[in-house]
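S.K.:
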Amino acid sequence: MLSKLKVPLEKQKVMPVNGDEAVAYAVKQCLVDVVAAYPITPQTIIVERFSEFVANGEVKTQYVPVESEHSAMSACIGAAAAGARAFTSTSSQGLALMWENLYIASGFRLPIVMAVVNRALSAPINIHCDHSDAYGMRDSGWIQLFVENSQEAYDTTIQAFKIAENPEVQLPVAVNLDGFFLSHTLENVYMLPEEEVHEFLGGYRKPVKTYIDYLNREVEYKLDPASPLSIGPLDLYDYYFEHKMPQVEAMKRAGDVVRGVNEEWYELTGRSYGDGVIDSYAVEDADAVIVVLGSSAGTMKYVASVMRRKGFKVGVVRLRMFRPFPFNEVKDLLKGVKAVGVMDRGLSFGSYGPLYLEINTALYYSRERPLLVNYIYGLGGRDLSPAMAEEVFIDLINTAKLGEVKEYLKFIGVRS
Amino acid sequence: MKEELRGWKDLPIGAVTYKLSLEYRTGGWRTLKPVIDLNKCTRCMLCWLFCPDMAILWNGRDVVVSYDYCKGCGICAHECPVKAIDMVPEYS
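Chains as they are written, first to last, in our numbering: chain A, 1 to 416; chain B, 1001 to 1092.
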């Protein structure tokens, strides 16, 4: 199969970059019309590199240096409404400031792509990685993808445009990469020749068509004086509900599109990430399985491989797609596992970790329901060491042996 | 005229309006109605200029109010330099 790759490895360029730079290089190749962003640690390098590309004339992108993240998202919404391919990126407080506009981007069905470099939320102020920011935008109608390494950050950023702009989807996509663990860590990343990326995306963005009664024809969904549209009108109890339903349906279709794009990427580059939605490791005969998002999956897989050699039947499920949540796939995958541990790098105070709640929902209708424990770890960038990961697996194996869960919510690596 | 409400599968993408705002008659919002005394009116057209709803029209001879769209805000009456416009209750 690898010999049949469209772009074999020797035609790909290896670049020593960190996660942020990997994203910047990906965006550079994607024929993006407008980038509007405001720098915030640990996302800064993306904006820095990209503004250099613009200043050097390496890209034709219109770069809008805005005064806040609220404006960054607003500018992207305006650009995308005019038919442009738009990109932005942010972290933590910046994402929180964008919040109200996230719903507008998805409600308008604009295929904006945003890199979210995950960082903890204030207070107390912290610049390091956790997933509280991404969890905060959970219900905003965005597709949320989480990457494990910088190579995947590069690959997924390009894929995100293709997923977002698919006529069946037409939704904004957030590509999540862990702050510092990925954003500031050097890694060799394979990059495609630019024209291959252009071909993969089918050139510049093409807006979808929609039928407008008063024009008596189908027109491109974009602001154009030749076919005037009102985007964002007042919409009360008589139509608002109806306008939310297409978003529900588009989300239902998004999973298959993510899978398809992952497959297409494999044929192009030789790289794929599980089935695009779930990337699992040694789950088939496992008694104890960890479910996790982002870069920690690398540590968990490594520890699982070490423990496997010692005879422990452990496995790892990394969810690459958090929204839409792959309920059925998770249910099928975890069927027959004795104990499942859900690792959340962030939590809903007064409840559990958001990932745990989803897994719980997925497993509720399963006949062979595993024991389920929620492990909160790594808040504010606290490291998850292999030793800690092993402790989690051992705890989970003991839970499986005991046959019941004593404590549903556990905190890993915090001083008491 | 009660229009049949459409189901979600028949709507354009992104909550784009499929009808012109001309078809949305906002005159029903009104409680006070502007009435122009054409004997006092000097045809200066300040009311036309200030009307936020383009509900003041010129028919070639007189200034007329389009009651299909006038919401009765009273700006025209307030701006009229010769006090030719009275705001009278819609229902008495």
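For glycine and all other residues, C-beta sits at the position ideal for the given N, C-alpha and C.
Can you give me the C-alpha to C-alpha distance between Met1001 of chain B and Leu1011 of chain B, rounded to a whole angstrom?
M.R.: Residue placement at Met1001 of chain B cannot be trusted, given a pLDDT of 44 that sits under 50; what the coordinates show is reported in the next sentence. About 21 Å.
S.K.: For Leu333 of chain A, I'd like the list of residues in its chain whose CB is within less than 8 Å of its CB, leaving aside the five on either flank, ordered along the chain.
M.R.: Cβ within range, chain order: Ile278, Ser280, Val283 and Val317.
S.K.: For chain B, find out if any of its Cβ atoms is closer than 8 Å to the Cβ of Asp383 of chain A; answer yes or no.
M.R.: no
S.K.: Which ranges does the alpha helix (DSSP H) cover as unbroken runs of at least 4 residues, wholly within the stretch 63 to 87 of chain A, from first to last along the chain?
M.R.: Counting only runs of 4 or more, we get 69 to 81.
S.K.: Compare the C-beta of Pro246 of chain A against all C-beta atoms of chain B and say whether one is closer than 8 Å.
M.R.: yes
S.K.: Looking at chain B, which residues of the stretch 106 to 124 of chain A have a Cβ within less than 9 Å of any of its Cβ atoms?
M.R.: Those would be Gly107, Phe108, Arg109 and Leu110, in chain order.
S.K.: Should Ile1056 of chain B be flagged as near chain A, meaning a C-beta pair shorter than 8 Å?
M.R.: Cβ-Cβ to chain A under 8 Å: no for Ile1056 of chain B.
S.K.: Pick from B:Lys1083, B:Lys1009 and B:Val1064: whose alpha carbon is nearest that of Lys1040 of chain B?
M.R.: Lys1040 of chain B has its Cα closest to that of B:Lys1083, out of B:Lys1083, B:Lys1009 and B:Val1064.
S.K.: Kindly say whether Leu229 of chain A, judged by its beta-carbon, lies nearer than 8 Å to any beta-carbon of chain B.
M.R.: yes
S.K.: Glu69 of chain A to Asn126 of chain A, Cα distance in whole Å?
M.R.: 18 Å
S.K.: Select from A:Ala82, A:Pro111, A:Leu409 and A:His131 the residue whose C-alpha is nearest the C-alpha of Val251 of chain A.
M.R.: Note that residue 251 of chain A is Met in the sequence shown, not Val. Residue A:Pro111 is the option with its Cα nearest to Met251 of chain A.
S.K.: How far does the beta strand (DSSP E) with Val173 of chain A in it extend, from its first residue to its last?
M.R.: Val173 to Asp178
S.K.: With a threshold of 16 other CB atoms inside 10 Å of the CB of Leu201 of chain A, please say whether the residue is buried or exposed.
M.R.: Around the beta-carbon of Leu201 of chain A, 16 or more other beta-carbon atoms lie within 10 Å, marking it buried.
S.K.: For Arg367 of chain A and Tyr356 of chain A, I'd like the C-alpha separation in whole angstroms.
M.R.: 18 Å
S.K.: Where does Met1001 of chain B fall in DSSP's three states?
M.R.: Summary for Met1001 of chain B: the model assigns pLDDT 44, below 50, so the residue's position carries little reliability, and this model does not support an answer.
S.K.: Report yes or no: do three or more beta-carbon pairs, one from the stretch 403 to 415 of chain A and one from the stretch 375 to 383 of chain A, lie closer than 8 Å?
M.R.: yes
S.K.: What are the start and end residues of each continuous alpha helix (DSSP H) run of 4 or more residues lying completely inside the stretch 1024 to 1078 of chain B, in chain order?
M.R.: 1046 to 1050
S.K.: Using the Cα positions of Glu404 of chain A and Gly353 of chain A, report the straight-line distance between them to the nearest angstrom.
M.R.: 20 Å
S.K.: With distances taken between CB atoms, is the gap from Asp285 of chain A to Lys313 of chain A smaller than 8 Å?
M.R.: yes
S.K.: Considering Cα atoms alone, identify which of A:Gly83, A:Pro324 and A:Asn149 is closest to Pro225 of chain A.
M.R.: A check of alpha carbon separations from Pro225 of chain A across A:Gly83, A:Pro324 and A:Asn149 identifies A:Gly83 as the nearest.
S.K.: Please confirm if Val1016 of chain B has its CB atom under 8 Å from at least one CB of chain A.
M.R.: Closer than 8 Å to some Cβ of chain A, the Cβ of Val1016 of chain B qualifies, so yes.
S.K.: Is any beta-carbon of chain B found at less than 8 Å from that of Thr44 of chain A?
M.R.: no
S.K.: I'd like to know whether the C-beta of Asp243 of chain A is nearer than 8 Å to at least one C-beta of chain B.
M.R.: Asp is not the amino acid found at residue 243 of chain A; the sequence shown has His there. Yes, contact with chain B.
S.K.: Could you check the C-alpha separation between Ile104 of chain A and Ala115 of chain A for me, to the nearest Å?
M.R.: 17 Å
S.K.: Please compile the residues from chain B whose C-beta is within a distance smaller than 7 Å of the C-beta of Val208 of chain A.
M.R.: Simply Ile1013.
S.K.: Let me confirm a value: Asn18 of chain A is counted as buried when at least 16 other C-beta atoms fall within 10 Å, else exposed. Which label applies?
M.R.: buried
S.K.: Let me check understanding here. Comparing Cα to Cα, which of A:Asp155, A:Met137, A:Pro228 and A:Thr88 lies closest to Glu267 of chain A?
M.R.: A:Asp155
S.K.: Indicate the three-state DSSP secondary structure (helix, strand or coil) for Asp235 of chain A in the structure shown.
M.R.: Coil.
S.K.: Between Leu171 of chain A and Gly136 of chain A, how many whole angstroms is the CB-CB distance? I'm expecting something under 8 Å.
M.R.: About 18 Å; that fails the 8 Å criterion.
S.K.: Considering only DSSP beta bridges, list what Phe146 of chain A is partnered with.
M.R.: A:Asn176
S.K.: Using a C-beta cutoff of 8 Å, does Leu1020 of chain B count as contacting chain A?
M.R.: yes
S.K.: On the premise that Ile77 of chain A lies in contact with Phe108 of chain A, defined as a C-beta separation below 8 Å, what is that separation, rounded to the nearest angstrom?
M.R.: 7 Å
S.K.: Among residues of its own chain, excluding the 5 on either side of Asp20 of chain A, which ones have a beta-carbon nearer than 6 Å to its beta-carbon?
M.R.: Ile45, Ile46 and Ser183
S.K.: Given a threshold of 16 other Cβ atoms within 10 Å of its Cβ, counted over all protein chains shown, does Glu148 of chain A qualify as buried or as exposed?
M.R.: Label assigned to Glu148 of chain A: buried.
S.K.: Are there any heavy atoms of the ligand ATP lying less than 7 Å away from the beta-carbon of Glu368 of chain A, as far as the coordinates show?
M.R.: Looking for the ligand ATP in the displayed structure turns up nothing, as the structure carries no ligands at all.
S.K.: Going by DSSP, which residues form a beta bridge with Val342 of chain A?
M.R.: A:Val291 and A:Asn374
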